[in-house]
Every structure is written in C-alpha cells, then in structure tokens.
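Comments concern the structure below.
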C-alpha cells in the first residue's frame, strides 16, 4: 500500500501509510484469528539513501528471529505481522557503516495498549554514513596504532569528530552526513610525511582520498661502563633495505678508523651517546637495521658489547635492548707454519687456558676485552706443534709477536685387505722412523692403533719409515710392501705413508668339447672352510682362461661348477707360497643327462646323423637318473613301457641342458569278456573325466576267430608255396593236417584302454542276444604301476519275450517287470501290426507282462504269455452353468460306478470331463454351498466307445458375508473365529469361519430373508477381550454383503490403583499408604510416601481377581494426637480403582488447660460482639462453610465404603472437578 505515495513528500506519504496500517489492522482483526496485530513504521532520512538495502528484523527477547522484511524503496515504510502476544525486539539492520537512531526498539504486545495495537509508527532515523581511511608507515601496506585523526568541514578549523588509529593503521568516523571534509593526522613524537587528506561523502560510506603517511619512528638506547653512563660512544647505523634519504636526525658523515666487516650492509649515519649514556635516532622508517658501537681511545680501540645488534622497526617507537657495555681493548696476532711461512688457518689460540679464539684463513686472530697484564699464549692445531709463549699485554702493544710452528706430524697406515686364518685382525705393529743422514741413535719407534694407523712428530728433514712384522704372522703369509718408505718433511704434515699387503694370483684354463659358454670356477681354502671365492666366466671358444687375484698364501682347492657336463677332474688342490700360481687346467669329457621319471621304464637313445652305433638302451628306475653322453648334439629319447607319456619321444639338446622330466599320463588297462556263444560284442568305456568322450570298441573279434584267421593265412601261404613246388614235383598229395580246427567255446574277447592316473572307468559290454555278468564293471586306475588285466566279464545267451494285441492295435504300452518288483524293468510300444518283441532278458528270472493304452481296456488272452485283447473305453463330459447362463467354477462333482470313484471340481469354464471309462452304469451328484442343482443326482448308462455330454443348472439359495477383523491401529488380526448367528425365526441357522493372514473372513450359506448377528465367537478367542461393535446385524437379500468390519481389543493384564487423602497439609509429611494382599497383612507389597501431594499412585498390579487391602499409616505421635487410620478392601477386577482416605487427627488437651477457661472467656466474648456487629457478612460465610463440610463428609463415606450411593458418587465427582 505504501507504494501509492510515490510522488508525495515524506510526511504526506507517512500519513497515507498510517491510514493504510489502521485499515490493515482492522482487516487483520476481522479476517483472521491468527494474526494479532501488525507493527509498522518508517525508516526516515533527510538525505537520499537506498532504502532497499535496509532490513527490519523482529526477534524474541531470547534472540530468536521471528520475522524479517525490507523497506519500501520510495519512502522507507515497513510492516511486520505479529501472530503472538509477548515481548519482542525490533531491530534495524542497515549496510555496515550506516547509522540510525534508535538501532532497536523493545515492544510489549498485549493487544490493548501497545504501540502496534494502537497503530502507532515505529520510526528509525538515519544519522549518517561512515568515513574510513588508513595511516600507513612509509613504504609499507600497514600502519601504526595511536595516531590522532580529526575530521573537519572543508576550510574550517573546528573538529567535528576525533578518533585514534587501530592496529594496522585503520580509522573510521561514523554518523557523517553528505558533504566535503578534511582529515588531519598528528602525533607528539613521530614525523608525518602526509598529515592531511580530503573526503567526499555522497550517498554511501566514503573512503579517504589518499592514505596518511608516517615518515619514521624514534629509536633510542643507552650505553654504560661498570654501571656508569658513558658519554661519547659512537653508534653507527647500517641497513640493506633503507636509504640515507629516508633517515632524519643523525650525522651522515663517515667515521675515521672504523672498518666494516659486512659488505652486504650499507652505512646510513651515526649518533653519539649523551651525558646520561642515552643515544637516539630521531626518525627511522619501518625496516631492518643493524647498529654497531664504536669507541676509540688515543691509540687503541675499546670493545663494546654487544659488538653488533640487529633490530626491526615496525609501526611504533623502539627502545633498543639490551644496554650496551664498554668492556676492554682488543689485540691482534698471527700463527705461521715457519719463520717466513704462511698463516695457519683454524688454529686454536688459548690465553691463560681460559680465553680461546680461532685463527682466520690468513692465520690472524683477535683477542677482545683484554685488560693490561702478563699472559701465557698457546696455539694448537691437529698435526702441528707449537711452543708455549709468555707475553706482557698493555694498551700500547696492540700487535703480538708471531707464533711459529716447531714440529709436524708424519702419519700413515698399514692396509691389510685379507687376513690370514691365524690373524683375526691387525695387531699393534711396531713402526720405526730414522733420519737418512744420521746414525741409528736418533731412531724413533711407535705403535699402530687397532685400525693400523700411526703418527710421528718430526722437525723439517728427510726420514725412512719401516714396519716390523712378528715372525708368526710372516709364517702365516702376511707380507707388506714396500719394505721401507722414504719421507721428506718441509713446512706441513706428511699424511700419506701407506704399507699394503702382498697377495698372490692363481690362474689357469678350462678346455671344453664345444664352445664353453657360461662357467663358474670356485677357489676354496682347505684350512679355512668359510673362505670361498667364485669366478663367473664366459667364452665362445672351446677354452677359457681364469685368474684369482689377492690370494693369501696357503693350501686351496679349485673346482669347476657346471653340473650339466662331465669333467676329467671336477676339482684340483694347490698351494700358494711366495709367488703366483698358474697352469691349473679343467677338461670336459662329456654331457650330463639327468632325467626325472614318474615310473620305472626302459629308455632308447638315438642321435641324429650318427649312424645306428650311437643307439643306447637304459633300464631306469623311478626318480632322478644321471649318465654321461660323450658327444654334443641333439638326442632322441623314446620311452618303452606299459605307460603312455606326454610325448611319443623326447629330444635332449646338450647345448641347452635341462632335467628331462618324463611323467606318465596314461596307463595300459587290459580286459577280457568270456562268452558261451559266438556273437558280435561291443564295449562302451565311460570315463569319470568330463573331457574324455565315451569310447565305443567293436564289434570285437574273439581270440579264437583271430587265431583261425591267422591259421587260414598260414595255410594259404603254405599252399601257395606248395603250388610253386608242385609245378616242380607233380603227384604229391596235400597233407591231412592242413584242415582248420573247429571253433569251440568258451570264447575270449580281449580289449584295452589307456587310462589316466586316478581315472575311474565304467566298462559296459553289449550284444544283441547276450546278457553280461556283471552288466558293467567300474574300476579306478591308480597309475602307480602297470595296471594289467583289471576287467573280466562273462556273457550268456538271453531270453526273448514276444506277443501281440487282438484286434491289431498300434502304440499299446507293454510293461515288463520282474516278478515281485515294484518298478517296471522295460517299457515298449506295439508296432503297426500290434506285435512286440523284448530281449535279451535273464533266463533264470520270472517276468510279468502288462499292457495299457488310454481309452482302452486290455485283458490278457488265456493260455498265452504276452497276448492281449483290447476294448475301447467311453467318456462323459459335464457342463455346469448358473441360472443366468454363467459358467460355475469350483462345483464338486462326484461320479462312481463299479470299482471307479472320482470327486473333482469344475474348471473356470464350468466343464469337467471323465475319459477312459469302462462300459457300465454310473451315478453322479453335483455339490456346492449356497447352490442347488437340477438334476440334483442321476444314474447314467455308458456304452463302449461312447462320449456323453450332460448339462446341469445351478440355482443360488444362499449368500456370503465378507469383512475384516483388525486391531485399533488397523493391523489385521489373523486366526480370529467369526460367527453369524440367526435371529428370531432363523435362530436355528448359524455359520462360522476363521480370518486369514490379512484379517479377512467370508461367512457362506446365509439364507435370504434372515437377520444374522455377525460377531466374534466366545470360544477360541481367549486373547481378545472385546470387540467393537459387539455384533453387526445384517439382513440377507438377493446378493452378497461386504465391508462388515470389526475392531478387536486384545486382553490387557494390568490393573491400575490410585487414590487421594483428605487431610490438612501439615500432616502430609507424616503419612504413607501401604498395600497388602488380604491373606498376608504382615508384609506390605508396596509403600508410597505422600510427601507434599494429596494424591498417590501404586505400580500396576495384575488383573488376577485377588483381594487387596489399602491402609493409611502415620508417624504422628499418639501421645499428642487422637486419630484412627482408615483402610479400604478391594478385588483386582476390571482395569482401575481410585480410593479416597480421610485422616483427621485431634490434638490431646493437657489436664491444666481446664483451669484456663476463665482466660478464654474474654476473647470469646469479644468475638461474639464482633460477629453480631458484622452479621450481614458472617451469615452467608457460615452457610457456605456448612455446605463444604457436608461435601467432605460425603467424600469420606465413599472413601471408606467401596459401594456408596449415587449421590455420594456425584458429590465426589464435583469435589474432583473443583480440585483440578
């Protein structure tokens, strides 16, 4: 609504809006009970601001946000609807830096007198923007805290606002209205480079046009000597980052006699300490500085500590810590390696065994803080030797005499690379050094350390150094070279005197039959078992040379390592003395063949291209076998045995030796079949291995047939030979013995099979006229050895059963079984002539033959075995429909006749067919609840091969009732017994059923015109306490009844007991209520203390129909009070019981109180006079009191007696209502 006043001035707009607010409030009051009131008002400003950036928020007094809104962009109006009464805080939340008066308003909304209900405006007045800026340190992005900053109108000297900068240099002014302003900064001690700037405020927060800059900060310190301030000490300022131009308030002239030691620092200026020992740099910009003190007397420079101090100026004044102290004076000197020699670097110079300094690269050193006196000076450096000197030092001796080296170290070491077996480590050897130009008198001796190192101290000159080795170690083979080491000492130590061990070399060659290839030669010490060396060799020629270096003297065994070759000598023994050993030779004699066999077999060898003389035959055992082949090349190896291997033959190449592994994969299994008749026999072998297909062998020929064929062939051969001869010699008669012998049983059929290890095979023989015993053989082939003959089966001629059907009938099922067996043996079907034949069968067994075919009766022909007579069967189809011509499913149809019985239900199409009926008379009867049928039953005659069709009509006589039983929360109740009980004339009728898992039930067979009560059965529903409704009355018409829903309530086995006590509150703390079982009044079941409440509640009891007693007990003294303790009996039937107990004790009066009657008379008289005077007020009060007392008495009666009259009960209810 506020948008309507867009063109008016603010006051006019406010008026319009106020009118709208009032209208809105009225509308709210009329339109909705939810909204209590609307709170509204204006955000006001004398200058132009963007109202849309401002939010108004309503909080509870606990700080929870209830509602938020924004202002109208044209006039700043806002409105917040309130749904509750209470205390609230209305806050304005403008952009950061905008100021308003007030910032929040507390509202108490009561719906009567508050500002919102009255329709008043809550206004927030804009007081100004913020002005922000920074004071920076020169050259930095941050600035100092504590700079005074003031805001003035442009061209004015009057301060509008003043503030102080925060850490980092930020400052802000608030509540600044639009205009042009100037900002000035000042500080009592710091110099400002930029001290003023301007700012322009328009319609938002403003920022200073440029930062204000502090040029620098004052840095001060102090210097003392023995606790007294020192005047005249100069402090030189250096920096690597700040330039001279930026520093103010110190002398920039250079200082005489001062030498800077750090080239990276540039000199800025200096100041001198004052009388009080203080010194100060007036203005230093932020940065890193170094200050060096310098204090010089007439002839000497004094030491000031610390001699150098680094400090950092940030954004504040700085007091340099620690205080500088003037200590002593400095002296310098040099350490040399000869009278005119070079300086010795890193030597340690010690003064009086206390002060230590290190020399520089040129040998110079500086001793600081020295006081006048006599000192002992000693120089030390490793491998150089100096004499100790005594010197007097004073301020007039700033330069000491040179310290010169008097001796040098001659050092070396004994290097033993391989210890002899008797020498575990280097012992302490004696080493001698003797000058070359002097006699042995000046011989010097020393011992080596455990590492073999040694050192001598020597002056300049030439010397010979020699090592003395004990004779035992010389015998063990330890020798050193050189025997003597010449040394020249000049002006520095000699550190490279080295004696090394003498070691021999062992060399030889290897001769091979072909190219040698890769070989390994091993050198093994005979006496030292752990000492073993391997040499890897390689060569394409038929000989290879080898050499072992660094061999200690002693006995050794040299071996050739090549397991795949045969050698003349695999190892040789030799001894190393004082010189190298050569001429060791190994000669190859052949090639080693190793074969790993899974079974003991015979192997045949043959080499390609080398004639048959190279054939070798070896009988080998199971496991690994080794033998030598004299020539290189490729060999063909063929295994011969009852085992079959992965390959028929194997090749072995001597140039790539490997273990020849022959693993048998199959084993030769033999079998025989013995028969009494000569027939074709076929064998089927099935394997337990899935990948092996079934093997069919045959038809097999018997051994006798094969022998006769062989004889015939031999006779034929001889006949041909005779014919050739007969041409030469005519008239010769053929011999009689050339006749072939007749075949006689038993006949032998032989077969074989290659089986895998662990394979299980099933051998099943078959023949047209033979039966086999056993019918099949199962055997497992272990493969450990030759399996041999594992299978023997006998075959005998079998029995054949034959017969036919009269008249000829194809497709009759003939079932043949063993006599007495339950399951049939063979099933066959007759051919188009009605005949069949089955065989072979075991001739020693008896068999039964039966025949069957759907639609026919088959009976055996007397006097025959296996012939049958056939009769065609009849069929009957029933079609059952309702009176309105709908198919009736689920009708039970009973059909019987002769020995035939059948009770089946009709399908969905109402049809039922009985086929395969024998001719004869049958009786049928249809049945289904709620229906009667026409015909209701009937006898029918069925002829042979005839198909009858009978139609039956069903008439509805009764109807069903559908419904559900569920609990109160809608969950189905399963297994509930439901019944329909007929009423009045139909009282003899009744139906019942049980609910399914979904709680549903169907009551069938309800008769039309009857009224039934549908209810839960009394028996069988023990866990159900009651139902809602108790029963549903239904009247049955001409249709089913649905939606009869019942809610069942399960039994609750809990009894609640509560009560209250009528008494004065002062006695409550003394009371407790006790609950007893009536047969045991000694021990209470529960006890409840009343505390401060008149009401009590016991833990739930069981609904067990037991008798209980509730008794009130009190700790009130019987000597001071008269009272009776009430008690109530009850039975735990139903669900709850509430009892009331009355406790009204009276205080006993002492005997002497009777005498006080005279004192009580006066107050009583006064009371009666007062009552007479105020009778008009007192009489109604007394009447009311009487009524109350009657109520209490009535309540007490109900409490003590569980029965009670209706009046008393009503009174109790009233009493309860009043109390709550």
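Residue numbers (mature numbering (1 follows the signal peptide of the UniProt record, and there is no 0)): -31 to -1, 1 to 1189. Note that beta-carbon positions come from the ideal geometry of N, C-alpha and C, so glycine has one too.
Where residue i falls: helix, strand or coil (DSSP)
i, result
"residue 745", "coil"
"residue 532", "coil"
"residue 684", "helix"
"residue 635", "strand"
"residue 953", "helix"
"residue 215", "helix"
"residue 220", "strand"
"residue 855", "coil"
"residue 124", "coil"
"residue 1084", "coil"
"residue 1199", "Here the chain covers residues -31 to 1189 and nothing more, so residue 1199 does not appear."
"residue 898", "coil"
"residue 168", "strand"
"residue 695", "helix"
"residue 677", "helix"
"residue 689", "helix"
Status (buried if at least 16 other CB within 10 Å, exposed otherwise) for residue i
i, result
"residue 742", "exposed"
"residue 892", "exposed"
"residue 681", "exposed"
"residue 14", "buried"
"residue 1109", "buried"
"residue 1018", "exposed"
"residue 1104", "exposed"
"residue 203", "buried"
"residue 644", "buried"
"residue 728", "buried"
"residue 732", "buried"
"residue 890", "exposed"
"residue 242", "buried"
"residue 624", "exposed"
Close-in-space but distant-in-sequence residues of the same chain around residue i (CB under 6 Å, 5 per side omitted)
i, result
"residue 330", "314"
"residue 544", "524"
"residue 649", "668"
"residue 587", "572"
"residue 164", "154"
"residue 191", "246, 247, 292"
"residue 537", "556, 558"
Those residues which DSSP pairs with residue i across a bridge
i, result
"residue 1067", "Paired residues: none, contrary to the question."
"residue 1019", "993"
"residue 403", "433"
"residue 238", "206"
"residue 541", "527"
"residue 599", "Residue 599 pairs with nothing; no bridge assigned."
"residue 890", "910"
"residue 1190", "With the chain represented from -31 up to 1189, any question about residue 1190 goes unanswered, as that position is not in the structure."
"residue 1227", "Examination of residue 1227 is not possible in this model, given that the chain is present from -31 through 1189 alone."
"residue 488", "506"
7 Å CB neighbourhood of residue i in its chain, flanking five on each side removed
i, result
"residue 1114", "1036, 1085, 1090, 1091, 1092"
"residue 1200", "Summary: the structure shown does not reach residue 1200, with the chain confined to residues -31 through 1189, and so no result is reported for it."
"residue 959", "948, 949, 950, 951"
"residue 178", "166, 167, 168"
"residue 873", "862, 881"
Same chain, Cβ closer than 8 Å to residue i, neighbours up to 5 away in sequence not counted
i, result
"residue 468", "381, 382, 383, 384, 436, 449, 450, 451, 454"
"residue 614", "608, 631, 632, 633, 634"
"residue 821", "781, 782, 784, 827"
Cutoff 8 Å: residue i Cβ touching any chain C Cβ
i, result
"residue 690", "Absence of chain C from the displayed structure is noted, only one protein chain being present."
Inside the segment 409 to 465 only - alpha helix (DSSP H) runs reaching at least 4 residues: Counting only runs of 4 or more, we get 440 to 444.
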